[in-house]
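Working notes, structure below.
In the numbering used here, the protein residues as written are 183 to 683.
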């Protein structure tokens, strides 16, 4: 730098802290929540700008403009007020959500999902897509997809950006709908129509993988059948259909395949479990021939399988009366949470080492880091007050939602400690008709949809808490966990995004 000009030397010594704070705040005001979080983690100086009140006041106005005047307690910063309200909304701590009720065909609701403003579910051989916005604006909200000829067994929503199929930037932000059926077929849907159909199983298709396998351009969808086979289907952009899309057939299960999950640490590894509790791990990257066997690991779990999920190199399996975690790399059990009774449902939050299990009349929240030995986790809370078996569970970083077929309500709990925050009637009429309990549930951020049905009626109840303004009163009836102190709640619901720290 000996021959450099003074101007160049001065430029080279400029740091981020030389930037004007007001200018930084002005620039940061154009960022979204995710980008603000990244900015705050970059340095203390940038964090000061990212946490400034004008930015969070602006975000508050954009998100909840009717509440601006009451949205900032004197004891907190604008950011703290924003995040506190957001957490309360995500935990359903209000009594005035937007509520929309729908009457549907008197059949059992299955495979219920919430996708932005769409409620998606199957009844028999049909898929129904119900658009909330169309309903609120007086337009026909229902679209029915009828190409299957037998009961639909599985329904998956796969982000378009994970496939090689999308053709526009707008489409990239949507989801591809994939279904399997007792009619031996798998169908891919977009634009309200079936665009591809795969056939190859020698019987009904029982399940689909929870995610896609592999990396672009060799993206693979896996399916399991009552014929005991696992089949791999190419989702490349060539448009192959029917058996032409079949990439490989994997043999090894003697009984129907009931659950499948893709490994978290290696996207070519697929885990499948059959009805007789046999677990198999497949390396799909090594399969090219139709009858190739690429099994790289086997195990068994005790009891009938209820649910399975992979995270990083672990397989979490709920079967019989226990939850077992198996390390895929060594096929060795790393922990087991035992119960004294049969499990009916299971969800996990691996980033916090928390699992939730549904039992008879209650659910249990466990911390698997705190077990005294390989046989136990530590019980964090007992989530009681249910009627019948808890076979419906949702779990995210903010809340657990639990319910069952015999229960008139679903119950909401804080994820970290099991404190109850709310109870919601599943449908407006379910409090007046015996046996009209909750048969399905889907939760997405501040939104929840519950389904109820009996022989003569089927209803859906959609709630959106995003613009709720009336918090649950502290003097309402008390609901409490057996492990933690009481938390206020309200049952007045019958009258009436996502994740960022």
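For glycine and all other residues, C-beta sits at the position ideal for the given N, C-alpha and C.
{"Item": "Identified DSSP bridge partners for residue 641", "Value": "285 and 634"}
{"Item": "Sufficient close CB pairs (3 or more, under 8 Å) joining the segment 258-273 to the segment 281-290", "Value": "no"}
{"Item": "Endpoints, beta strand (DSSP E) assigned at residue 520", "Value": "514-520"}
{"Item": "Segment contact, 8 Å Cβ cut-off, at least three pairs: the segment 352-368 with the segment 387-396", "Value": "yes"}
{"Item": "Among 578, 439, 312 and 229, nearest to residue 170 - alpha-carbon criterion", "Value": "For the chain, the structure presents residues 183 to 683; residue 170 sits outside this window and is missing."}
{"Item": "Beta-carbon contacts of residue 706 that lie in its chain and below 6 Å, excluding the five residues immediately before and after", "Value": "With the chain covering 183 to 683 only, the question about residue 706 has no answer from this structure."}
{"Item": "Distance, residue 537 Cα to residue 530 Cα", "Value": "4 Å"}
{"Item": "Supposed contact pair residue 543 and residue 566 - C-beta distance, whole angstroms, cut 8 Å", "Value": "7 Å"}
{"Item": "N-terminal and C-terminal residue of the alpha helix (DSSP H) that residue 648 is part of", "Value": "Per DSSP, residue 648 belongs to no alpha helix (DSSP H) and is neither H nor E."}
{"Item": "Assumed close pair residue 684, residue 444 - CB separation to whole angstroms, cut-off 8 Å", "Value": "Residue coverage of the chain in this structure runs from 183 to 683, which leaves residue 684 outside it and unanswerable."}
{"Item": "Minimum length 3: unbroken beta strand (DSSP E) runs contained in the segment 480-555", "Value": "487-493, 496-501, 504-509, 514-520, 527-531, 536-540 and 542-549"}
{"Item": "Residues near residue 580 by beta carbon distance below 7 Å, same chain, minus five either side", "Value": "269, 272, 273 and 597"}
{"Item": "Test item: CB-CB of residue 650 and residue 642 under 8 Å", "Value": "no"}
{"Item": "Where residue 360 falls: helix, strand or coil (DSSP)", "Value": "strand"}
{"Item": "Start and end residues, alpha helix (DSSP H) containing residue 628", "Value": "Note, residue 628: premise wrong, no alpha helix (DSSP H); not H, not E."}
{"Item": "Residue closest to residue 483, alpha-carbon to alpha-carbon, out of 540, 508, 493 and 278", "Value": "508"}
{"Item": "Reduced DSSP category for residue 223 - H, G, I as helix; E, B as strand; rest coil", "Value": "coil"}
{"Item": "With 16 other Cβ atoms within 10 Å as the buried cut-off, status of residue 226", "Value": "exposed"}
{"Item": "Cβ shell of residue 313 (< 7 Å), same chain only, five flanking positions each side left out", "Value": "299, 300 and 323"}
{"Item": "Residue 457 Cβ short of 7 Å to the ligand SAH heavy atom set", "Value": "Absence of the ligand SAH is noted for the structure shown, with no ligands found whatsoever."}
{"Item": "Span of the alpha helix (DSSP H) around residue 317", "Value": "314-318"}
{"Item": "DSSP-derived helix/strand/coil call for residue 198", "Value": "helix"}
{"Item": "Start-to-end residues for the beta strand (DSSP E) that takes in residue 270", "Value": "No beta strand (DSSP E) contains residue 270, which is instead part of the alpha helix (DSSP H) from 260-272."}
{"Item": "Residue 142 to residue 477 span [Cα, whole Å]", "Value": "Because the chain is modelled from 183 through 683, residue 142 falls outside the range shown and cannot be assessed."}
{"Item": "Own chain partners of residue 397 with C-beta closer than 6 Å, once the 5 adjacent residues on each side are dropped", "Value": "none"}
{"Item": "Residue 375 vs residue 409 beta-carbon contact at 8 Å", "Value": "no"}
{"Item": "DSSP state of residue 673 mapped onto helix, strand, coil", "Value": "Confidence in residue 673 is poor, its pLDDT being 35 and thus under 50, which makes the residue's placement unreliable; the coordinate value appears in the next sentence. Residue 673: coil per DSSP, three-state reduction."}
{"Item": "Residues near residue 202 by beta carbon distance below 7 Å, same chain, minus five either side", "Value": "none"}
{"Item": "Closest Cα partner of residue 290 within the set 378, 600, 640 and 369", "Value": "640"}
{"Item": "Residue range of the beta strand (DSSP E) that includes residue 609", "Value": "It is not in any beta strand (DSSP E) - residue 609 carries neither H nor E in the DSSP assignment."}
{"Item": "According to DSSP, residues forming a beta bridge with residue 375", "Value": "372"}
{"Item": "Coil, strand or helix - residue 587 by DSSP", "Value": "coil"}
{"Item": "Residue 492 burial status per 10 Å Cβ neighbour count (16 or more: buried)", "Value": "buried"}
{"Item": "Rounded separation between residue 474 and residue 621 - CA only", "Value": "Unreliable placement is indicated for residue 474, whose pLDDT of 49 sits below 50; the coordinate value is still reported in the next sentence. Whole-angstrom Cα-Cα distance: 40 Å."}
{"Item": "Enclosing beta strand (DSSP E) for residue 341 [first to last residue]", "Value": "334-341"}
{"Item": "Residue 466 and residue 414 closer than 8 Å at C-beta", "Value": "yes"}
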